[in-house]
Amino acid sequence: MPPPQPDRNPTRVYVETYGCQMNVADSDLIAGLLADEGFAAVSAPDQADIILLNTCAVREKAEERIYGRASQLLRFKYTNPNLLIGVLGCMAEHLKERIAENAPHVDLIVGPDAYRRLPDLLRQAGSATDPVIDVRLDKGETYEGLRPAAGGGISGFVTIQRGCDKFCTFCIVPYTRGRERGTAPREVLRQVRDLAAMGYREVTLLGQTVNSYRHEDSDFADLLRAVHEVSGIERIRYTSPYPVDFSTRLVRTLAELPKVCNSLHLPLQSGSDVVLERMRRGYTVSDFRRIVDELREHIPDISISTDIIVGFPDETEEQFEETLSLMRDVRFDSAFMFAYSEREGTYASKRIADSIPEAVKKERLARLIRQQESIGAERHARWVGRSVRVLAEGPSRRDPRQWFGRSEDFKSVIFDPPAGIRAGDLVDIVVQRATSHTLIATGESAVSSATASA
């Protein structure tokens, strides 16, 4: 294939995203970067000259999906022999040799610190006989000055921190995204203002350990106060914080700023001190309880979700029961729960044998999910009869006569739309029913008022 000439004949690019919110933000960044270079975005792979898969390496199942998807895409090369297929992101960084071996039709393998070079890499791939690979980690790269793809929306992402310095024994992120570094506050504010100018009402600040953000003399509390002053942004979210990086000053800042949403994703991983130490999480169960208590003292209606891994190597039944007990005590609003899967390249994969049988992992996970479903239903039920302000996103997929939105504490809400409603409106509703996952406000008097978007 001759090198693409985007300035003369726009080369069509399709980007498919897997994994976390940071990957979604990275895909927007990639799309904006390529658009500035003259490439044209398309919405389906069969329309594309270049197909890019932005990948995740956190769990084995995510990697299996990418290999399967890459195989599916091979058929497009039969009808378009000049088609380029690229694998980007954490999986590219982590498994470059295996990708080249298992998916030889992949033309480009690019890690998350090399996106600035992507236009040139695509041009190289257009005339190369072997895969073009660039997975160099760059401890100074925060993509300052680049603009994500412009597009209408309600809620947008701004990455304020890249990399991670925690090195938990089960986690691959420090090896795929490098060491922790913060984006300059002026750059964060530029991106937030850009979103506001495009009509976005909500912004989520992203980082692997977002509350440990630092850039020169600014910390996360300082940054939140600055973002809070941006006109047009009505809600501020952030994810994912690290438990022991919550200072009392930060907790008070969260409570003082009305635009900062009363929702928090606080990864626990295990309710056993022994397992937490084996994971190198850097805190104890007592530390975690203290942080939750302080947050709820200052923000009484805060919604707290978490991550839990079951079946970590050498986890005993007693240690698993400690996790169940802690979850009963803390009463999380929701939880992402997973069976441990060994990630090649992590400390655990090299030093700690994956000793728990798969059947035991599955049984423990099922018990954990059953318990959390009950707790989640109880936590949601406390909102029945109360007024909740919802950011309207659009018609519900299940029933387009109803609308979907999210409350300030990140609850999914289904409601009857008032006349003239638009996406981005803030709607006050009265909750009439609740499930373990959703608040429902339908029928007479469900909607009490609506505030139009700007």
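Oh and the sequence shown: position 405 is 600 in the working numbering, straight run, nothing missing.
Using N, Cα and C, we set each Cβ at its ideal position, and we do this for glycine too.
Helix, strand or coil: which one does DSSP assign to PRO205?
Three-state result, PRO205: coil.
Can you check the region 242-295 for any alpha helix (DSSP H) of at least 4 residues that lies completely inside it and give the ranges in chain order?
List check, alpha helix (DSSP H) in window: 255-274, 285-289.
Alpha carbon to alpha carbon, what distance is there between ARG592 and ASP620?
In a straight line, the C-alpha of ASP620 is about 18 Å away from that of ARG592.
What are the partner residues of GLU397, as DSSP defines its beta bridges?
For GLU397, which the question treats as bridged, DSSP gives the partners SER350, ARG430.
Could you please give the first and the last residue of the uninterrupted alpha helix (DSSP H) stretch that includes ALA576?
ALA576 -> alpha helix (DSSP H) spans 553-576.
Please check the pair GLU553 and ILE349, which I expect to be a contact at CB under 8 Å, by giving their CB distance rounded to whole angstroms.
Not a contact, Cβ separation roughly 40 Å.
For ASP496, which of GLU603, ARG475, LEU401, ILE503 has the nearest alpha-carbon?
The residue with the shortest Cα to Cα distance from ASP496 is GLU603.
Exposed or buried, what is ALA649 when buried is set at 16 or more other beta-carbons lying within 10 Å of its beta-carbon?
Residue placement at ALA649 cannot be trusted, given a pLDDT of 46 that sits under 50; what the coordinates show is reported in the next sentence. Under this definition ALA649 is an exposed residue.
Taking the alpha carbon of ALA257 as the point to measure from, which residue in ALA618, GLU537, ARG546 has its own alpha carbon closest?
When each option's Cα is compared against that of ALA257, the closest is GLU537.
Looking at the structure shown, is ILE367 part of a helix, part of a strand, or coil, going by DSSP?
The answer is coil: DSSP assigns ILE367 none of H, G, I, E or B.
May I have a chain-ordered list of the beta strand (DSSP E) segments no shorter than 3 residues that lie completely inside the region 487-512?
You should have 498-505.
Does GLY589 come out as helix, strand or coil in the three-state DSSP assignment?
Here GLY589 sits in strand by DSSP.
Do GLU472 and LYS454 have their C-beta atoms closer together than 9 Å?
For GLU472 and LYS454, no; Cβs fall outside 9 Å.
Less than 9 Å between the C-beta atoms of PRO343 and GLY227, yes or no?
Contact: yes.
Since PHE441 and ILE486 are thought to touch, with beta carbons under 8 Å apart, how far apart are those beta carbons, to the nearest angstrom?
Going by Cβ atoms, the distance from PHE441 to ILE486 rounds to 5 Å, so yes, they are a contact pair.
Could you check the C-alpha separation between TYR433 and ASN457 for me, to the nearest Å?
Their Cα atoms are separated by approximately 11 Å.
Taking Cβ positions, are LEU519 and TRP578 nearer each other than 9 Å?
Their beta carbons are not under 9 Å apart, which means LEU519 does not touch TRP578 by this criterion.
Provide the residue(s) that pair with GLN650 in DSSP beta bridges, ordered along the chain.
Since the first residue of the chain shown is 196 and the last is 649, residue 650 is not available in this structure.
So, under 8 Å CB-CB, ASP302 and GLY281 are touching, yes? Tell me the CB distance rounded to an integer number of Å.
Rounded, the Cβ-Cβ distance is 6 Å, consistent with contact.
Would you mind sorting CYS215 into buried or exposed? The rule is 16 or more other CB atoms within 10 Å of its CB.
When all chains shown are included, CYS215 counts as buried.
Would you say the region 550-568 touches the region 596-616, given that touching needs at least three Cβ pairs under 8 Å?
With the cut-off at 8 Å, the region 550-568 and the region 596-616 do not touch.
Rounded to whole angstroms, what is the Cα-Cα separation between LEU449 and ALA416?
Roughly 8 Å separates the two Cα atoms.
What do you get for ASP231, buried or exposed, if any count of 16 or more other CB atoms within 10 angstroms of its CB means buried?
With fewer than 16 Cβ atoms within 10 Å of its Cβ, ASP231 is classed as exposed.
In whole angstroms, give me the CA-to-CA distance for ALA561 and GLY233.
Between ALA561 and GLY233, the C-alpha separation is close to 49 Å.
Are there 16 or more other CB atoms within 10 angstroms of the CB of ALA220, so buried, or fewer, so exposed?
Answer is buried; the Cβ neighbour count reaches 16.
Three Cβ pairs or more, each shorter than 8 Å: is that satisfied between the region 322-335 and the region 237-250?
No: the two stretches stay apart, fewer than three of their Cβ pairs being nearer than 8 Å.
Does any heavy atom of the ligand MN sit closer than 8 Å to the C-beta of ILE246?
Looking at this structure, you won't find the ligand MN or any other ligand, since it has none at all.
With a 10 Å radius around its C-beta and 16 neighbouring C-beta atoms as the bar for buried, classify ASN277 as buried or exposed.
ASN277 is exposed by the Cβ-count criterion.
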